[in-house]
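*Asks:* Chains as they are written, first to last, in the numbering used here: chain A, 17 to 349; chain B, 17 to 349. We treat Cβ as the ideally placed atom computed from N, Cα and C, and that holds for glycine. If you're wondering where the values come from, they're calculated on a predicted model, not measured in any experiment.
2 protein chains.
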Amino acid sequence: MKKLINRPEDAVAEALMGVAAAHADRVRVHIGPNYIVRADAPVRGKVAIVSGGGSGHEPMHGGFVGMGMLDAACPGEVFTSPTPDQMLAASQAVDGGAGVLHIVKNYTGDVMNFEMAAELAQDEGMEVEQVVIDDDVAVKDSLYTAGRRGVGATVLAEKICGAAAELRRPLAEVAGLCRKVNANARSMGVALTSCTVPMAGRPTFALGDDEIELGVGIHGEPGRERRKLASAHDIVEALATAVVDDLPFGPGDKVLAFVNGMGGTPLLELYVVYGELHELLEGRGISITRNLIGSYITSLDMAGCSITLLRLDDELTALWDAPVSTTGLRWGV
Amino acid sequence: MKKLINRPEDAVAEALMGVAAAHADRVRVHIGPNYIVRADAPVRGKVAIVSGGGSGHEPMHGGFVGMGMLDAACPGEVFTSPTPDQMLAASQAVDGGAGVLHIVKNYTGDVMNFEMAAELAQDEGMEVEQVVIDDDVAVKDSLYTAGRRGVGATVLAEKICGAAAELRRPLAEVAGLCRKVNANARSMGVALTSCTVPMAGRPTFALGDDEIELGVGIHGEPGRERRKLASAHDIVEALATAVVDDLPFGPGDKVLAFVNGMGGTPLLELYVVYGELHELLEGRGISITRNLIGSYITSLDMAGCSITLLRLDDELTALWDAPVSTTGLRWGV
Numbered sequence: 017m018k019k020l021i022n023r024p025e026d027a028v029a030e031a032l033m034g035v036a037a038a039h040a041d042r043v044r045v046h047i048g049p050n051y052i053v054r055a056d057a058p059v060r061g062k063v064a065i066v067s068g069g070g071s072g073h074e075p076m077h078g079g080f081v082g083m084g085m086l087d088a089a090c091p092g093e094v095f096t097s098p099t100p101d102q103m104l105a106a107s108q109a110v111d112g113g114a115g116v117l118h119i120v121k122n123y124t125g126d127v128m129n130f131e132m133a134a135e136l137a138q139d140e141g142m143e144v145e146q147v148v149i150d151d152d153v154a155v156k157d158s159l160y161t162a163g164r165r166g167v168g169a170t171v172l173a174e175k176i177c178g179a180a181a182e183l184r185r186p187l188a189e190v191a192g193l194c195r196k197v198n199a200n201a202r203s204m205g206v207a208l209t210s211c212t213v214p215m216a217g218r219p220t221f222a223l224g225d226d227e228i229e230l231g232v233g234i235h236g237e238p239g240r241e242r243r244k245l246a247s248a249h250d251i252v253e254a255l256a257t258a259v260v261d262d263l264p265f266g267p268g269d270k271v272l273a274f275v276n277g278m279g280g281t282p283l284l285e286l287y288v289v290y291g292e293l294h295e296l297l298e299g300r301g302i303s304i305t306r307n308l309i310g311s312y313i314t315s316l317d318m319a320g321c322s323i324t325l326l327r328l329d330d331e332l333t334a335l336w337d338a339p340v341s342t343t344g345l346r347w348g349v
Numbered sequence: 017m018k019k020l021i022n023r024p025e026d027a028v029a030e031a032l033m034g035v036a037a038a039h040a041d042r043v044r045v046h047i048g049p050n051y052i053v054r055a056d057a058p059v060r061g062k063v064a065i066v067s068g069g070g071s072g073h074e075p076m077h078g079g080f081v082g083m084g085m086l087d088a089a090c091p092g093e094v095f096t097s098p099t100p101d102q103m104l105a106a107s108q109a110v111d112g113g114a115g116v117l118h119i120v121k122n123y124t125g126d127v128m129n130f131e132m133a134a135e136l137a138q139d140e141g142m143e144v145e146q147v148v149i150d151d152d153v154a155v156k157d158s159l160y161t162a163g164r165r166g167v168g169a170t171v172l173a174e175k176i177c178g179a180a181a182e183l184r185r186p187l188a189e190v191a192g193l194c195r196k197v198n199a200n201a202r203s204m205g206v207a208l209t210s211c212t213v214p215m216a217g218r219p220t221f222a223l224g225d226d227e228i229e230l231g232v233g234i235h236g237e238p239g240r241e242r243r244k245l246a247s248a249h250d251i252v253e254a255l256a257t258a259v260v261d262d263l264p265f266g267p268g269d270k271v272l273a274f275v276n277g278m279g280g281t282p283l284l285e286l287y288v289v290y291g292e293l294h295e296l297l298e299g300r301g302i303s304i305t306r307n308l309i310g311s312y313i314t315s316l317d318m319a320g321c322s323i324t325l326l327r328l329d330d331e332l333t334a335l336w337d338a339p340v341s342t343t344g345l346r347w348g349v
């Protein structure tokens, strides 16, 4: 295993110390329990948005803390759910009196721990809503999941709900928007290589030199099928067809197309993928009116990509375009 | 070789088509000769800034085209200099009548071709200045270079000169700033793995499972020494000490610290590196007053990182903070 770390068991905490040293102007990092909040938290009268999950998916979620997106992120150990006490402490730190929305990726540990955290917070009189994101069309009932996994739509939901919260929309509305994003988004990913969890020290799964895992999960969970390595054209066709046919997206739809790198894939390749996706969607009468291309929800050093499509209307488009100021996404400020 | 591409010989052109499809609101992509210009080029009365080099280092340079940074980028084939006709055509497309600055990384092919392009442009009556960036302290007279290689300081120079050009500073001043950035910046990188050039189809160099290349070049050129894999602490100490001692940076200096991923290294590790760098510089009395952390000048899928330090004064700090709107760097707008 080759990684720029010290002791594997210290990697997450040391990365958090790096975030604290780098971005003290934007975020506060709390160690024990671990969470990241925006520097101006709590923002009075604003719905607070909290997310979290295992580490190893950076910039998600810590890189999305800031004006226009998350109020707090709870990083667990690598590929391990954060604990209820992290989520509770983070929620308390950002609650501005207008309630807290928990955006939860659909993995069994995350869902269970966020539910416990919500109960504890509600016991303290906090108003909490939770939305579970489950946009991955690849498989149902995966290694760590009942139902579908939550992947790329989480980034989009965090951005859009964050914008709505800045506009002082009430909790029920912000939660409703989160459900709307989830209902209108679908994703699927592919791995060209495995990732290596620092504490494990060896690749999570074995993949032949000429094989790819189609529909892979962001922790290296098995996908739909193992195939022979194929061209970008054929891989995009497989991913995008599965995504488009699932919702389904159809002629006349306007979409946000999100081409996401898994961590070990260079930008050059993501643009080749985007070009293929653009052509395929055009052929099916679907217009890309917004896009996001880069590595935003990653799987450590895994090579591969995922495609997420979100059907846009005027409301979602305006919220997507609204200013955001985080280390991972930034515009308008 | 596992890559999200179609035919290796088409990868650069197809990635450019992806850029054109994705970012038509910000840039225009010209194919044959290949170059990317900002959508509003030429900007009348503004010094135009043109850079370029081999592809495979994305987002550099194409991702830095836009308000506050580059007017044009010329992408060559992977790790291959663009040609003088690309540079000439790009310069013509962005010349707003106030002259053109070519920012050139110090590689023999790039320097030669940019010199030819400048001569051709001057023959047409264009005012052209060129600045060669050579900030890599690792080695002199490398595989493709006479003198030192140009690496991370290029990103910083493009941002700072871009801001000065937006303020309508004259060509000589913008070129002077570029020289000032180069004079005050030093870099060094490390590879944990090789990269694989699509057309070659196999790793550029061989590196044992327990080895790293200290001082590696961005095309996989040999560095200072091959070492056993070490902790992030020890690797940062080796890189940062070489960088600090070279200028030298000293107590009381304010610096911009740039921790750059080589393409295959996840953000989690870059933050571990940043934490180590922060501690080391603090111990030497050097204050980090600005930072940049992410994969901005890459080497395809190489795992590794580089550290660049730039000594800041008030002028450079203000220009760094000025608004920028590119797909690779964006703030203030």
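According to DSSP, simplified to helix, strand and coil, what is M132(A)?
*Replies:* helix
*Asks:* Counting only runs that start and end within the segment 165-221 of chain A, where is the alpha helix (DSSP H) found for 4 or more residues in a row?
*Replies:* 169-182 and 187-199
*Asks:* DSSP on E140(A), reduced to helix/strand/coil?
*Replies:* coil
*Asks:* Decide if the segment 39-46 of chain A is in contact with the segment 299-311 of chain A; the criterion is three or more beta carbon pairs, one per stretch, under 8 Å apart.
*Replies:* no
*Asks:* Does any C-beta atom of chain B lie closer than 8 Å to the C-beta of D317(A)?
*Replies:* yes
*Asks:* Within 8 Å of any Cβ in chain B, is that where the Cβ of L20(A) sits?
*Replies:* So yes, L20(A) belongs to the interface.
*Asks:* Under 8 Å by Cβ, that's how I've got P282(B) and E74(A) pegged, so tell me the actual separation to the nearest angstrom.
*Replies:* 6 Å
*Asks:* If you measure between the beta carbons of S247(B) and N307(A), is that distance less than 8 Å?
*Replies:* no
*Asks:* Taking 8 Å as the CB-CB cut-off, is W336(A) touching chain B?
*Replies:* no
*Asks:* Are the beta-carbon atoms of G168(B) and M278(B) separated by less than 8 Å?
*Replies:* no
*Asks:* Excluding sequence positions up to five away, which residues of its chain have a Cβ less than 8 Å from the Cβ of D41(A)?
*Replies:* Closer than 8 Å at the Cβ level, and outside the excluded window around D41(A), lie A55.
*Asks:* Find the residues of chain A that neighbour G178(B), judging by a C-beta separation of less than 7 Å, and give them in chain order.
*Replies:* Those do not exist, as G178(B) stays about 17 Å from chain A at its closest Cβ, beyond 7 Å.
*Asks:* What did DSSP end up calling P238(B) once you bin it into helix, strand or coil?
*Replies:* coil
*Asks:* Going by DSSP, name the residue or residues bridged to F274(B).
*Replies:* L308(B) and T324(B)
*Asks:* So that I know if they touch, is there some Cβ in chain A lying closer than 8 Å to that of N307(B)?
*Replies:* It does; some Cβ of chain A falls within 8 Å.
*Asks:* With DSSP collapsed to three states, give me the class of G224(A).
*Replies:* coil
*Asks:* Can you give the Cα-Cα distance for M85(B) and T333(B), rounded to whole angstroms?
*Replies:* 15 Å
*Asks:* Suppose only complete runs of 3+ residues qualify. What are the beta strand (DSSP E) ranges in the segment 65-152 of chain B, listed by chain order?
*Replies:* 88-94, 116-121 and 144-149
*Asks:* Within the same chain, show all residues whose beta-carbon is closer than 7 Å to that of E292(B), passing over the 5 residues directly before and after it, in chain order.
*Replies:* These residues qualify, in order along the chain: A248, H249 and V252.
*Asks:* I need the boundaries of the beta strand (DSSP E) containing I52(A), first residue and last residue.
*Replies:* Y51 to R54
*Asks:* Answer yes or no: does any C-beta atom of chain B fall closer than 8 Å to that of A38(A)?
*Replies:* yes
*Asks:* Please list the residues of the segment 240-259 of chain A that have a C-beta atom closer than 7 Å to any C-beta atom in chain B, keeping them in chain order.
*Replies:* L245, S247, A248, H249 and I251
*Asks:* For the segment 268-292 of chain B, which residues have a beta carbon sitting closer than 7 Å to at least one beta carbon of chain A?
*Replies:* G279, G280, T281, P282, L283, L284, E285, Y287, V288, V289, Y290 and G291
*Asks:* Can you have a look at D150(A) and say buried or exposed, based on whether 16 or more other CB atoms are within 10 angstroms of its CB?
*Replies:* buried
*Asks:* Under 8 Å by Cβ, that's how I've got N200(A) and L117(A) pegged, so tell me the actual separation to the nearest angstrom.
*Replies:* That belief does not hold up - the Cβ atoms of N200(A) and L117(A) are roughly 18 Å apart, past 8 Å.
*Asks:* Just to confirm the assignment, what range does the beta strand (DSSP E) spanning H437(B) have?
*Replies:* For residue 437(B) there is no data in the structure shown, the boundaries of chain B being 17 and 349.
*Asks:* Counting only beta-carbon separations shorter than 8 Å, does L325(A) have a partner in chain B?
*Replies:* no
*Asks:* Are the segment 103-111 of chain A and the segment 123-133 of chain A touching by the rule of at least three beta carbon pairs closer than 8 Å?
*Replies:* yes
*Asks:* At a Cβ cut of 8 Å, what residues of the segment 50-72 of chain B count as close to chain A, listed as they run along the chain?
*Replies:* S71 and G72
*Asks:* In whole angstroms, what separates the C-alpha of P114(A) from that of S67(A)?
*Replies:* For clarity, residue 114(A) is Ala in the given sequence; the question names Pro instead. A114(A) and S67(A) have their C-alpha atoms some 17 Å from each other.
*Asks:* Short of 8 Å in beta carbon distance, which residues of its chain neighbour T305(A), apart from the five on each side in sequence? Order them along the chain.
*Replies:* K270, V271, L272, L328 and T333
*Asks:* With a CB to CB cut of under 8 Å and the five nearest residues on each side skipped, what residues in its chain are close to A57(A)?
*Replies:* R44, A64, D87, A88, A109, V110 and G112
*Asks:* Measure from the C-beta of L208(B) to each C-beta in chain A and report whether the shortest distance is under 8 Å.
*Replies:* yes
*Asks:* Listed in chain order, which residues of the segment 21-35 of chain A have Cβ atoms closer than 9 Å to some Cβ of chain B?
*Replies:* If the cut-off is 9 Å between Cβ atoms, the segment 21-35 of chain A has I21, N22, R23, D26, A27, V28, E30, A31, L32, M33, G34 and V35 near chain B.
*Asks:* Give me the chain B residues within the contact set of H294(A), using Cβ-Cβ distance strictly less than 8 Å, ordered along the chain.
*Replies:* G34, A37 and A38
*Asks:* Who does R346(A) pair with in a DSSP beta bridge?
*Replies:* S341(A)
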